[in-house]
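Notes follow the structure.
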Amino acid sequence: MPKVYEFLANGFEEIEGLAPVDILRRGGVDVKTVSITGDLFVETSHGVTVKADIKFEDVADFNDADLLLLPGGMPGSTNLNAHEGVKTALKKQFEAGKRVGAICAAPMVLASCGILDGKKATCSPGFERYFNASTTYTGELVQVDGNVTTGEGPAASLPYSYTLLSYFIGEDATKDLEKKMQFAHLMGR
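Under numbering that gives the first Met the number 0, read the sequence shown as residues 0 to 188, first letter to last.
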């Protein structure tokens, strides 16, 4: 079974953090939410308290990850960017040729790690200012470039999540789930 870890910091955007967990789990992917706060409880950008599955310091390493995820939101993305352990895990994941994903403001963390160098990426408009000169900002809802997937913002949470799921269960099974969750209907498919 594929393994995904999603890092949660105080101030993360609810839909960007929870939609991927919901959709990936519905698709049969083992997803663990990882608090970087030192506590299992993490407060979102709109004051909702969420209980993570595990604390960052309770994981020896993230080498078994098929995908590492970062939800956006502020100040959540800034808090993720300030966490050296998260950045080290992301760099190791990327350098091993394994998948990383970030949405909204969180691609700034990937940029600060050098992961977006020479890549196409998207983010919440305005946060492309954190990209290095070699990164091409596309402004797409979802942008995939090699093993890096980025999403624009809250409205992109569902297409971003289905894109992530398709890596593990394929396009056909993902489209089936899109139909079951009425996403296909929403998109006029």
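Think of the CB as a built atom: it goes at the ideal place given N, C-alpha and C, for glycine as much as any other residue.
Decide if residue 0 is buried, meaning its Cβ has at least 16 other Cβ atoms within 10 Å, or exposed. Counting C-beta atoms within 10 angstroms of its own C-beta, residue 0 has fewer than 16 neighbours from the protein chains shown and is therefore classed as exposed.
Option nearest residue 191 by Cα separation, candidates 9, 14, 94, 7: In the structure as shown, the chain begins at 0 and stops at 188. Residue 191 is therefore absent and cannot be evaluated.
DSSP-derived helix/strand/coil call for residue 134: Reduced to three states, the DSSP call for residue 134 is coil.
Below 8 angstroms on the Cβ atoms is my guess for residue 25 versus residue 65; work out the distance and round it to an integer in Å. At roughly 17 angstroms, the Cβ-Cβ gap does not stay under 8 angstroms, so residue 25 and residue 65 are not in contact.
Would you call residue 70 buried or exposed, if buried means 16 or more other Cβ atoms sit within 10 Å of its Cβ? Residue 70 should be labelled buried.
Sequence-distant residues of its chain with Cβ nearer than 7 angstroms to residue 110 (five each side left out): For residue 110, where only same-chain residues beyond five positions count, the Cβ hits under 7 angstroms are 129, 130, 131, 134.
Per DSSP, which one or two residues make a beta bridge with residue 150? BP columns for residue 150 point to 102, 141.
In the structure shown, what three-state DSSP assignment does residue 91 receive? DSSP places residue 91 in helix when its eight states are reduced to three.
Cβ contact (3+ pairs, closer than 8 angstroms) linking the stretch 51-63 and the stretch 136-151: Taking 8 angstroms as the limit for Cβ pairs, the verdict is that the stretch 136-151 does not touch the stretch 51-63.
Determine the direct distance from the alpha carbon of residue 51 to that of residue 137, and round the result to whole angstroms. Each residue's Cα considered, the two are about 32 angstroms apart.
Out of 101, 12, 30, which one is the CA nearest neighbour of residue 167? Nearest option by C-alpha distance: 30.
Can the beta-carbon of residue 161 be found less than 8 angstroms from the beta-carbon of residue 139? Contact: no.
How far does the alpha helix (DSSP H) with residue 97 in it reach, from first residue to last? Element bounds for residue 97: n/a, residue is neither H nor E.
Measure the alpha-carbon distance for residue 108 versus residue 83 and round it to whole angstroms. Residue 108 and residue 83 have their alpha carbons spaced roughly 11 angstroms apart.
Residue 58 (DSSP reduced to helix, strand or coil): Assignment of residue 58 by DSSP, reduced to helix, strand and coil, places it in the coil class.
What's the call for residue 179, buried or exposed, on a 16-neighbour Cβ count within 10 Å? Result: exposed.
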